[in-house]
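*Asks:*
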Amino acid sequence: MRLSWRQLVKSKLKGKSSYFSIGIAFSGESVLLCALQKQDDELLWVLDASFSHSNWQGQLADYVQRHKLANTDCYVSLTSHWYQLLQVEKPKVPDNEVYAALGWPLKDLLPPNTEYVYDYLTPPMQVAGQSKLSVVAIPHKDINNISKGIYDADLTLKSILIEETATVELTPTSDDAVISLVQEHGEEIVLNIVKNNQLYFTRRLRGFENLGSYSEKELSMGITESLCVQIQRSMDYFESQLRQPPVRQLLLKLDTTLAEQLASQIQESMGLTVNAFEPEIICGSGFNFKMASFSCLGAAYVKQSLITEQKQLKQDDTKTTSPKRVEVSS
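Under our numbering, think of the first position of the sequence shown as 96, with each following residue one higher.
1) Output the residue ranges of the beta strand (DSSP E) runs that lie fully inside the stretch 127–152 and measure 3 residues or longer, sorted by chain position.
2) Just mark residue 402 as buried or exposed, buried being the case when its beta carbon has 16 or more other beta carbons within 10 Å.
3) Tell me whether residue 409 sits in a helix, a strand or coil according to DSSP, three-state version.
4) For the stretch 356–371 and the stretch 310–318, state whether three or more C-beta atom pairs, one from each stretch, are separated by less than 8 Å.
5) Output the boundary residues of the alpha helix (DSSP H) element that contains residue 195.
6) Who are the near neighbours of residue 333 in its chain, counting only those whose CB is closer than 6 Å to its CB and skipping five residues on each side?
7) Give me the residue from 118, 399 and 194 with the minimum Cα distance to residue 256.
8) The alpha helix (DSSP H) spanning residue 244 covers which residue range?
9) Helix, strand or coil for residue 253? Go by DSSP, reduced to three states.
10) With respect to the beta strand (DSSP E) encompassing residue 336, which residues constitute its N-terminal and C-terminal limits?
11) Can you list the alpha helix (DSSP H) stretches of 4 or more residues lying completely in the stretch 151–187, in chain order?
12) By alpha-carbon positions, which one of 235, 242, 200 and 267 ends up nearest to residue 54?
13) Count the other CB atoms, across all protein chains shown, that sit within 10 Å of the CB of residue 214; report buried if there are 16 or more and exposed otherwise.
14) How would you label residue 149, buried or exposed, when you count the other beta carbons within 10 angstroms and need 16 or more for buried?
15) Can you tell me whether residue 177 is buried or exposed? The criterion is at least 16 other CB atoms within 10 Å of its CB, across all chains shown.
16) List the whole-angstrom C-beta distance separating residue 129 from residue 391, where the pair is believed to meet the contact cut-off of C-beta under 8 Å.
17) Is the beta carbon of residue 249 less than 7 Å from the beta carbon of residue 165?
18) Count the C-beta pairs between the stretch 345–354 and the stretch 276–285 that are closer than 8 Å, then say yes if the count reaches three, no if not.
19) Have a look at 252, 229, 272 and 246 and flag the residue whose alpha-carbon is nearest the alpha-carbon of residue 259.
20) If you draw a straight line from the alpha carbon of residue 311 to that of residue 263, how long is it in whole angstroms?
21) When we look at the beta-carbon of residue 116 and count the other beta-carbons within 10 Å, is it buried (16 or more) or exposed?
22) Do you know how far the Cα of residue 201 is from the Cα of residue 112?
23) Inspect the beta-carbon positions of residue 347 and residue 372 and report whether they are closer than 7 Å.
Set out below in C-alpha cells:
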C-alpha cells in the first residue's frame, strides 16, 4: 500500500502526534484499539475502543479525529482468523534468497486462486537434525483493506504482526524461560515459551474457548487438570526436544473471572510459580489488564521494544539475535 501524494502532503501538514503509539487488533468479533502515551520513561495506556467489522474504517477515522490521534505510529496485530501459521523446511539457498524461495513450497500449502502476503520467523533453537521456518501467510486483499483503512484514518502504519508475537512484546525480559498463557475473549489459548525476548515455542490450546463459563468447582473437576496436561506437554517438548533448562514460571491472562483460583490450582498441581501476566505498562483510569486485549497492547508496545533493541545494539555492535517478530510489511 503506497501513499498518494495527497495523503503524503496531508500527513506532513498534520504535525507530530502527542501519543506514543497505537495498537489495533483484528479479532474474529471486532476491531480493537488502544493508545499509549509516554510520561518520562513510563508508558501509560490512555485510550481503548472497539469497532464493528462492518464499518470499522469509518468508525476508526471518526475516533482518530475526535481524540486528535492523527499521525500517531500505528501497529496492527491479527488474530488467527486472519492468517495461517505454517511450518516449512528451510530452503537450501543463501539467506538472502530464502524469502523468494519460500514462494514455491507455499503454493502447495495454501489455497489456490488467492494471492498471499507472507513473512517468516527463524526459531532461535531447532530440534536436532531439523531446519524449519515458521511462515505466516495472509491474503493480500486483507492486507490491502487494513492498510487503506489505517491510512485513510490519518494514522502512520508501521507494521503488521500476529497474535503470537504480539504477546512476546509484553513478556518480561528474562534469562530463564517463561511460559505465558494468553486468551482473548472467546478465543483459543495461545501458549508461548519465551526466553530473552525470543519465541522458542508456540501452540494453541483448543477446547478452552468457554473457560469463562465454568465455576470454580467445575474447574477443579477436570478442566484445570486438562489444562495442566497441555502445559506439561509443551514443557516436555521444550526441555527434551530443544534441550533447554526446565521452565519455572508461568504467566496467565485468561478469559475467566476465576483467574486467581485457576492460577492457584495450576501452581499446586505443577509446582510452578504462577502469576498474573501484567506488562510494563501503567493502566489509565478505568483500565486494567484483565479487560485488555494483549494482542492490541502488544502491537502498541512494539515501538518501545524497537527503541530498547536499538539502544542495546548501539551498546554492542557485535551482538546478533534471532528475529522475534513475524511482521508483514505494508
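Positions of the beta carbon are idealized from the N, C-alpha and C atoms, including for glycine. Note that the structure is predicted; figures quoted are calculated from it, not measured.
*Replies:* Here's the rundown:
1) 137–146
2) Residue 402 comes out exposed.
3) helix
4) yes
5) 193–196
6) Taking C-beta separations shorter than 6 Å and ignoring five residues to either side along the sequence, the partners of residue 333 in its chain run 288, 296 and 339, following chain order.
7) 118
8) 235–247
9) strand
10) Premise fails: residue 336 is in no beta strand (DSSP E) and is neither H nor E.
11) The qualifying runs are 151–161.
12) This structure does not reach residue 54, given that the chain is present from 96 up to 425, and the question cannot be answered.
13) buried
14) exposed
15) buried
16) 5 Å
17) yes
18) yes
19) 229
20) 29 Å
21) buried
22) 40 Å
23) Yes. Within cutoff.
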